[in-house]
Amino acid sequence: MNGGKRVIILDGNIMMKRVLVLGSKGMLGQELVRVFAKVGHTVTGLDSGDIDVTDAPATRERIVALRPEVIINAVAYNAVDSCEGDEAEFGKAWRLNAEVPGELAEIAKEIGATFVHFSTDYVFDGEQKGDGYDEYAEPCPISRYGESKLGGERSVAAVGGTFHIIRLSKLFGLPASSASAKQSFFVKMGGVARDTGSVSAVDDERGCFTYAPDLAAATAELLLDEVPSGVYHLVNEGAATWFGALVEYFRIAGIDAAVSPVPGDAFPRPARRPKDSTLRNTKRPHLRGLSEALLDYSVKSE
Ligand SMILES: NC(=O)c1ccc[n+]([C@@H]2O[C@H](COP(=O)([O-])OP(=O)(O)OC[C@H]3O[C@@H](n4cnc5c(N)ncnc54)[C@H](OP(=O)(O)O)[C@@H]3O)[C@@H](O)[C@H]2O)c1
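Under the numbering used here, the first residue of the sequence shown carries the number 393, and numbering increases by one thereafter.
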């Protein structure tokens with residue numbers, strides 16, 4: 393089902409549920425807490441200061457006591473380059489990204505809760521020559537981070553129960569309060585531009601961007617619609633390179649700086665990136681376009 397573009401409006405006229413958001417102080421988690429509370433659900437947010445999801449027995453006990461009807465996992469290991477060549481770091485990535493999601497899905501299944509998990513375009517190799525990967529495309533990661541996220545998709549699907557695996561890419565949003573949350577690309581580049589008056593951005597890696605508040609709203613709507621278990625692609629419409637997106641953001645935000653396009657190998661990084669990991673959303677109403685999302689982001693960041 394693809395209903396074409398539609399503005400997502402949640403009007404509060406919904407069945408209230410007990411919702412648990414794990415990773416509630418991350419960039420996405422903070423928006424999930426805000427959106428789900430706004431539409432009337434009873435939301436509990438837990439982050440690293442409240443729970444260590446790698447401690448399986450303690451996590452089980454805590455979740456079972458809360459009796460959530462929906463468990464949303466926004467916890468992840470996101471240091472793409474750190475885990476590429478370092479076995480200890482990859483161990484952490486595998487535990488958090490591949491094993492823990494399966495354990496959480498198991499708890500959800502046992503208590504009859506719906507499980508929502510987030511994954512990434514980095515499960516694909518980026519070699520597709522068409523108009524993007526749909527939800528049925530075969531994953532083939534080219535980085536160890538991508539392998540760990542694919543491991544999570546597989547462990548969740550293997551458990552069964554009611555689950556939604558939502559792939560996103562290049563998340564941006566308001567800064568998160570958690571210690572290890574990544575700064576969004578636009579904040580980082582805006583800072584460099586203000587300091588130096590010019591920036592370079594990669595122009596041979598293409599993909600979709602995802603505005604955290606839009607993804608949170610689309611996630612709430614997906615649950616409201618009681619869609620079947622499976623994989624979903626929820627990204628803002630309109631693929632772009634890092635360079636293209638940055639030029640658009642600077643134009644919208646009125647940042648006066650020179651932006652130069654460069655190839656990816658101008659910034660040597662341990663982990664390979666897919667060349668074109670555009671995600672196609674063929675199952676759900678489309679999120680608004682990147683420019684509109686950037687406009688909202690730019691206004692809210694002021
Ligand atoms: N960021 C992107 O560009 C991007 C792209 C594609 C997909 N995704 C996916 O989108 C989802 C959300 O990502 P995000 O960028 O919002 O993540 P994030 O900002 O890094 O937030 C993750 C949160 O989880 C917490 N956490 C980490 N380890 C934990 C543990 N053992 N127990 C409990 N909490 C723990 C972190 O706390 P601390 O900071 O204190 O560790 C942080 O608050 C993830 O599944 C990610 O893989 C993100």
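Beta carbons: idealized from backbone N, C-alpha and C, even for Gly.
Within 10 angstroms of the Cβ of M696, are there 16 or more other Cβ atoms? Answer buried if so, exposed if not. A query on residue 696 cannot be resolved here, the shown segment of the chain reaching from 393 to 694 and no further.
Check whether the stretch 569-581 and the stretch 515-524 are in contact - that is, three or more C-beta pairs closer than 8 angstroms. Taking 8 angstroms as the limit for Cβ pairs, the verdict is that the stretch 515-524 does not touch the stretch 569-581.
Ordered list of alpha helix (DSSP H) runs contained in the stretch 461-546, each at least 4 residues: With a minimum length of 4 residues, the continuous alpha helix (DSSP H) runs that stay inside the stretch 461-546 are 479-485, 492-503.
Under 7 angstroms: does the beta carbon of V579 sit that close to some heavy atom of ligand 1? V579 Cβ: outside cutoff for every heavy atom of ligand 1.
Could you check whether the Cβ of S572 sits closer than 7 angstroms to any heavy atom belonging to ligand 1? The nearest non-hydrogen atom of ligand 1 is less than 7 angstroms from the C-beta of S572.
If you measure between the beta carbons of Y469 and S669, is that distance less than 8 angstroms? Taking the C-beta atoms as reference points, S669 is found no nearer than 8 angstroms to Y469.
Say whether chain B places a C-beta atom closer than 8 angstroms to the C-beta of F516. The structure shown contains no chain B; it is built from a single protein chain.
Using DSSP with H/G/I as helix, E/B as strand and the rest coil, what is D668? When secondary structure is reduced to three states using DSSP, D668 falls in the strand class.
Would you mind giving the Cβ-Cβ distance between A466 and C475, rounded to the nearest angstrom? I have them listed as a contact below 8 angstroms. Wrong, their Cβ atoms sit about 19 angstroms apart, outside the cutoff.
Using DSSP with H/G/I as helix, E/B as strand and the rest coil, what is V436? Per the sequence shown, residue 436 should be read as Thr rather than Val. Annotated three-state conformation of T436 is strand, per DSSP.
Any heavy atom of ligand 1 closer than 7 angstroms to the Cβ of V594? No; taking the cut-off as 7 angstroms, the Cβ of V594 has no heavy atom of ligand 1 nearer than that.
Okay, do the stretch 435-447 and the stretch 409-417 touch, 3+ Cβ pairs below 8 angstroms being the bar? Touching, yes, given that three or more Cβ pairs across the two stretches are closer than 8 angstroms.
Considering I455, what are the terminal residues of the alpha helix (DSSP H) in which it resides? Looking at the DSSP string, the run of the alpha helix (DSSP H) that includes I455 is 448-458.
DSSP-derived helix/strand/coil call for G395: Any reading at G395 must be qualified, since the residue scores a pLDDT of 40, below 50, and its modelled position is unreliable; the value itself is stated next. The three-state reading of DSSP puts G395 in coil, since its state is none of H, G, I, E or B.
Contacting residues, own chain, Cβ-Cβ under 7 angstroms from V425 (five flanking each side not counted): V413, S416, V435, G437, listed in sequence order.
Closest by CA to K675, which one among F428, S576, T633, D617? Checking every option, the nearest Cα to that of K675 belongs to D617.
Less than 8 angstroms between the C-beta atoms of G565 and E423, yes or no? Closer than 8 angstroms, so yes.
Measure the Cβ-Cβ separation of V627 and S693 and say whether it is below 8 angstroms. Cβ atoms of V627 and S693: not closer than 8 angstroms.
Which of helix, strand or coil DSSP assigns to F659: DSSP places F659 in coil when its eight states are reduced to three.
So within the stretch 596-638, which uninterrupted alpha helix (DSSP H) runs reach at least 4 residues, ignoring any that extend past its ends? Fully enclosed alpha helix (DSSP H) runs of 4 or longer: 604-616.
What does the Cβ neighbour count give for E502, buried or exposed, with the cut at 16 atoms within 10 Å? Counting Cβ neighbours within 10 Å, E502 comes out exposed, since fewer than 16 surround it.
Inspect the beta-carbon positions of G544 and P493 and report whether they are closer than 8 angstroms. For G544 and P493, yes; Cβs fall inside 8 angstroms.
Span separating the alpha-carbon of G432 from that of R410: Straight through space, the alpha carbons of R410 and G432 are spaced by roughly 10 angstroms.
Excluding the 5 residues preceding and the 5 following N673 in the sequence, name in chain order all residues of the same chain whose CB lies nearer than 6 angstroms to its CB. Around N673: H625.
Kindly give me the distance between the Cβ atoms of L542 and F601, rounded to whole angstroms, as I take these residues to be in contact under 8 angstroms. The pair is not a contact, with the Cβ atoms about 21 angstroms apart (cut-off 8 angstroms).
Within 7 angstroms: the Cβ of S690 and any heavy atom of ligand 1? No, Cβ of S690 sits at least 7 angstroms from all heavy atoms of ligand 1.
Alpha-carbon to alpha-carbon, G622 and V399: Annotation note: pLDDT 39 at V399 (below 50); position unreliable, coordinate value reported separately. When rounded, the distance between both Cα atoms is 23 angstroms.
Helix, strand or coil at G731 according to DSSP, with G and I counted as helix: With the chain represented from 393 up to 694, any question about residue 731 goes unanswered, as that position is not in the structure.
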